[in-house]
Amino acid sequence: MTMLLNTLRLAIRATLANKMRSFLTMLGIIIGVMSMVMLVSIGQGATGSVTSAITDMGSNLLTISVTDEDVSLSREDFEALSDYDAIAGVAPYVTASSVMRTGSNYTNVAVYGVTEAFMEVSDLNVQAGRGIAPSDLEWRTNVAVIGVEVAGELFESYDVIGKTVTMDGRTFTIVGLLEESGSDLTGSLDSRVLIPLTTGQRIADSSAITSCYIAAASTGQVTLAEALAEREMLLLTRDEDAYSVYNMSSLLDTLDDVMSTLSLMLGGIAAIALLVGGIGIMNIMLVSVAERTREIGIRKAIGARRAHILLQFLVEACVLSILGCLIGLVLSALGLAAFSAIAGMTVEIEWRAAVAAILFSAGIGVVFGSYPAAKASRMTPIDALQRR
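Remember, my numbering sits 5 above the position in the sequence shown when you count from 1.
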């Protein structure tokens, strides 16, 4: 143990003796560790955000999407699904992107043309005012329920009930303010604007509906509700490729599989940078052996064995590698904190990736330091002392 501590002390002293050269040698390891940890952490953070958003929507929620442009379904086609006991709610909707204005202020919004059931089915709540009412659909009224981000951008206040905005050349009266929902990979959920479905269809100049949320009566009846939705859609479209029915639970499973594969791929790509860093360590250790031949000769002449020389240079390579890894982890934590602040998404360092980076870096130090260390240990005292 004493010999190992003395060797470690000598390795640290040798590293500090050439600070700039040591830093440049560690740079490959630093970049590799940052790439590995940040990419995997951002991937896991994004997965967590999407998973949370899907979970918040409810594990008993199904989504129907019509993918064939030639298929045109009406509100009544979808709402016929509510006749089944296994289905508690049906909410067909249309979507569009638009710009909402008031005075000199404007903001981009995601517009949802919805029925009165949409908020209950998708588990949305208002913090002020009301939601879309059946009378709004019947009379095609120009009313809107807006997200808190829209309220902040347009009015710099949440006191928005009764105020008017313009969108697509029409004036809308704000009747409700949604509770804050946060964001996911698609963007901010608080930039949504809900308007009556019939008004949305009039703006789009089309009665076709391509999307619908379905709430199963309970989590135990999700599979049955999905089967019923599949059956009904097949009867309506006569083409099983014309639509898709998504179960949120199976969507989560698919998402986990995809993101796990993506994280492994990103980690593998970043590991290449670590291998490049390892080559840099081998190169500088060979230079170090060539520069310190007299030191090696003197140590052997006074009794140092081959194992002592081998251990000394191997520990130096590992010190360079692990120290570079630790610096990379610190910079990764700072980089992730900056990314979280800019992206508005909570991303924490993935410690499994950090541990893997440390172990991988230690392995690189051993593997790429072995050849220079072995070369140094094979020198005879006479040959080493004769070299300049």
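For each residue, glycine too, the CB sits at the ideal point set by N, CA and C.
Please read these numbers as outputs of a predicted model, since none were measured by experiment.
| Closest by CA to serine 109, which one among Ala138, Glu161, Ser127 and Asn252? | By one-based count along the sequence shown, residue 109 stands at place 104. Closest in alpha carbon position to serine 109, among Ala138, Glu161, Ser127 and Asn252, is Glu161.
| query | Can you give the Cα-Cα distance for leucine 279 and alanine 342, rounded to whole angstroms? | reply | Here residue 279 corresponds to residue number 274 of the sequence shown, with the count starting at 1. Here residue 342 corresponds to residue number 337 of the sequence shown, with the count starting at 1. Cα to Cα, the separation comes out at about 23 angstroms.
| How long is the line joining the alpha carbons of valine 114 and serine 102, rounded to whole angstroms? | Reading the sequence shown from its first residue, position 109 is the one you call residue 114. Reading the sequence shown from its first residue, position 97 is the one you call residue 102. Cα-Cα distance, rounded: 6 angstroms.
| task | Taking 9 angstroms as the cut-off, decide whether the C-beta atoms of valine 45 and leucine 334 are in contact. | result | Within the sequence shown, numbered from 1, the residue matching residue 45 stands at position 40. Within the sequence shown, numbered from 1, the residue matching residue 334 stands at position 329. Not closer than 9 angstroms, so no.
| task | Give the DSSP bridge partners of asparagine 288, in chain order. | result | For the purposes of this step, residue 288 is taken as residue 283 along the sequence shown, with counting starting at 1. Answer is none; asparagine 288 lacks a bridge partner.
| query | Can the beta-carbon of alanine 378 be found less than 9 angstroms from the beta-carbon of leucine 316? | reply | Locating residue 378 in the sequence shown gives position 373, where the first residue counts as 1. Locating residue 316 in the sequence shown gives position 311, where the first residue counts as 1. For the pair alanine 378 and leucine 316, the CB atoms are nearer than the 9 angstroms cut-off.
| Among Leu319, Tyr251 and Ile314, which one has its Cα closest to the Cα of isoleucine 286? | Sequence index remark: in the sequence shown, residue 286 carries index 281 (1-based). Nearest neighbour of isoleucine 286 by Cα position, chosen from Leu319, Tyr251 and Ile314, turns out to be Leu319.
| What is the DSSP secondary structure of valine 76, reduced to helix, strand or coil? | Locating residue 76 in the sequence shown gives position 71, where the first residue counts as 1. Coil, per DSSP.
| said: DSSP three-state label for isoleucine 179, please. | reply: Position 174 of the sequence shown holds residue 179. In the displayed model, isoleucine 179 falls within a strand according to three-state DSSP.
| message | Give me the DSSP bridge partner(s) of tyrosine 1. | response | Only positions 6 to 393 of the chain appear in this structure, which leaves residue 1 out of reach.
| According to DSSP, which residues form a beta bridge with serine 70? | By one-based count along the sequence shown, residue 70 stands at place 65. The partner list for serine 70 (beta bridge, DSSP) reads Ser216 and Ser249.
| query | How many Å lie between lysine 380 and leucine 32 at the Cα? | reply | Within the sequence shown, the letter at position 375 stands for residue 380. Within the sequence shown, the letter at position 27 stands for residue 32. Spanning the two alpha carbons is a distance of roughly 24 angstroms.
| query | Under 8 angstroms from any heavy atom of the ligand NAD, does the C-beta of threonine 171 make it? | reply | Looking at this structure, you won't find the ligand NAD or any other ligand, since it has none at all.
| field | Whole-Å CB distance - phenylalanine 83 paired with cysteine 217, under 8 angstroms assumed | value | One-based indexing of the sequence shown puts residue 83 at position 78. One-based indexing of the sequence shown puts residue 217 at position 212. Rounded, the Cβ-Cβ distance is 5 angstroms, consistent with contact.
| Quick one: Cα of threonine 146 to Cα of serine 40, how far? | Sequence index remark: in the sequence shown, residue 146 carries index 141 (1-based). Sequence index remark: in the sequence shown, residue 40 carries index 35 (1-based). Threonine 146 and serine 40: Cα-Cα distance of roughly 52 angstroms.
| request: Using beta-carbon positions only, say whether methionine 238 and alanine 247 come within less than 9 angstroms of one another. | output: Stepping through the sequence shown from its first residue, residue 238 is reached at position 233. Stepping through the sequence shown from its first residue, residue 247 is reached at position 242. A contact, by the Cβ cut-off of 9 angstroms.
| task | Would you give the residue range spanned by the alpha helix (DSSP H) that glycine 329 belongs to? | result | Position 324 of the sequence shown, counting from 1, holds the residue named residue 329. Taken as a continuous stretch (DSSP letters only), the alpha helix (DSSP H) holding glycine 329 covers 311-348.
| field | Beta carbon of glycine 205 nearer than 9 angstroms to that of glycine 136 | value | Translated into positions along the sequence shown, residue 205 becomes position 200. Translated into positions along the sequence shown, residue 136 becomes position 131. In this structure, glycine 136 does not lie closer than 9 angstroms to glycine 205 by Cβ.
| Taking C-beta to C-beta, are aspartate 244 and aspartate 90 nearer than 9 angstroms? | Mapped onto the sequence shown, residue 244 falls at position 239. Mapped onto the sequence shown, residue 90 falls at position 85. In this structure, aspartate 90 does not lie closer than 9 angstroms to aspartate 244 by Cβ.
| message | Measuring alpha carbon to alpha carbon, tell me which residue in Thr351, Ala362 and Leu67 is nearest glycine 272. | response | Mapped onto the sequence shown, residue 272 falls at position 267. Shortest Cα-Cα distance from glycine 272 to any of Thr351, Ala362 and Leu67 involves Ala362.
| query | Cβ of arginine 106 within 9 angstroms of Cβ of leucine 183? | reply | Counting from 1 along the sequence shown, the entry for residue 106 is found at position 101. Counting from 1 along the sequence shown, the entry for residue 183 is found at position 178. No. Outside cutoff.
| message | If you measure between the beta carbons of valine 126 and valine 95, is that distance less than 9 angstroms? | response | Counting from 1 along the sequence shown, the entry for residue 126 is found at position 121. Counting from 1 along the sequence shown, the entry for residue 95 is found at position 90. Against a cut-off of 9 angstroms, the Cβ pair of valine 95 and valine 126 comes out as a contact.
| task | Please classify glycine 181: is it buried, with 16 or more other beta-carbons within 10 angstroms of its beta-carbon, or exposed? | result | Taking the first residue of the sequence shown as position 1, residue 181 is located at position 176. With a threshold of 16 other beta carbon atoms within 10 Å, glycine 181 meets it and is buried.
| request: Under the assumption that phenylalanine 373 contacts alanine 322 (Cβ atoms under 8 angstroms), give the Cβ distance between them as a whole number of angstroms. | output: What you label residue 373 is simply residue 368 of the sequence shown in a count that begins at 1. What you label residue 322 is simply residue 317 of the sequence shown in a count that begins at 1. Rounded to whole angstroms, the Cβ separation of phenylalanine 373 and alanine 322 is 7 angstroms, and the two are in contact under 8 angstroms.
| query | Whose C-beta lies closer than 7 angstroms to the C-beta of glutamate 185 among residues of the same chain, with five residues either side of it excluded? | reply | For the purposes of this step, residue 185 is identified with residue 180 of the sequence shown, where counting begins at 1. Val153 and Asp195.
| field | Cβ-Cβ separation, serine 249 to serine 70 (assumed contact under 8 angstroms), whole Å | value | Numbered from its first residue, the sequence shown carries residue 70 at position 65. Numbered from its first residue, the sequence shown carries residue 249 at position 244. Cβ-Cβ separation between serine 70 and serine 249: approximately 5 angstroms, consistent with a contact (criterion under 8 angstroms).
| task | List the whole-angstrom C-beta distance separating alanine 213 from alanine 93, where the pair is believed to meet the contact cut-off of C-beta under 8 angstroms. | result | Start at 1 with the first residue of the sequence shown, and residue 213 comes out as number 208. Start at 1 with the first residue of the sequence shown, and residue 93 comes out as number 88. Wrong, their Cβ atoms sit about 25 angstroms apart, outside the cutoff.
| DSSP state of tyrosine 89 mapped onto helix, strand, coil | As a working note, residue 89 is residue 84 in the sequence shown. It is coil, neither helix nor strand.
| What did DSSP end up calling glycine 308 once you bin it into helix, strand or coil? | Here residue 308 corresponds to residue number 303 of the sequence shown, with the count starting at 1. Three-state DSSP puts glycine 308 in coil, outside helix and strand.
| said: If I measure Cβ to Cβ from isoleucine 332 and keep anything under 6 angstroms in the same chain, skipping five residues before and after, which residues do I get? | reply: As a position in the sequence shown, residue 332 is number 327, starting the count at 1. Once the five neighbours on either side are set aside, the close Cβ partners of isoleucine 332 are Ile35.
| request: Just mark proline 139 as buried or exposed, buried being the case when its beta carbon has 16 or more other beta carbons within 10 Å. | output: Residue 139 sits at position 134 when you count from the first residue of the sequence shown. Proline 139 comes out exposed.
| Test item: CB-CB of phenylalanine 123 and valine 148 under 9 angstroms | The sequence position of residue 123 within the sequence shown is 118, counting from 1. The sequence position of residue 148 within the sequence shown is 143, counting from 1. No Cβ-Cβ contact shorter than 9 angstroms links phenylalanine 123 with valine 148.
| message | Using a 10 Å radius around the Cβ and a threshold of 16 neighbouring Cβ atoms, would you call alanine 295 buried or exposed? | response | In the sequence shown, residue 295 corresponds to position 290, counting from 1. Per the 10 Å Cβ criterion, exposed.
| said: Please report the straight-line C-alpha distance between threonine 20 and glycine 329, rounded to a whole angstrom. | reply: Within the sequence shown, numbered from 1, the residue matching residue 20 stands at position 15. Within the sequence shown, numbered from 1, the residue matching residue 329 stands at position 324. About 11 angstroms.
| query | Taking Cβ positions, are serine 382 and alanine 275 nearer each other than 9 angstroms? | reply | Locating residue 382 in the sequence shown gives position 377, counting from the first residue. Locating residue 275 in the sequence shown gives position 270, counting from the first residue. For the pair serine 382 and alanine 275, the CB atoms are not nearer than the 9 angstroms cut-off.
| Cβ-Cβ distance between valine 227 and asparagine 65 below 9 angstroms | On the sequence shown, residue 227 is found 222 positions in, with the first residue counted as 1. On the sequence shown, residue 65 is found 60 positions in, with the first residue counted as 1. In this structure, asparagine 65 lies closer than 9 angstroms to valine 227 by Cβ.
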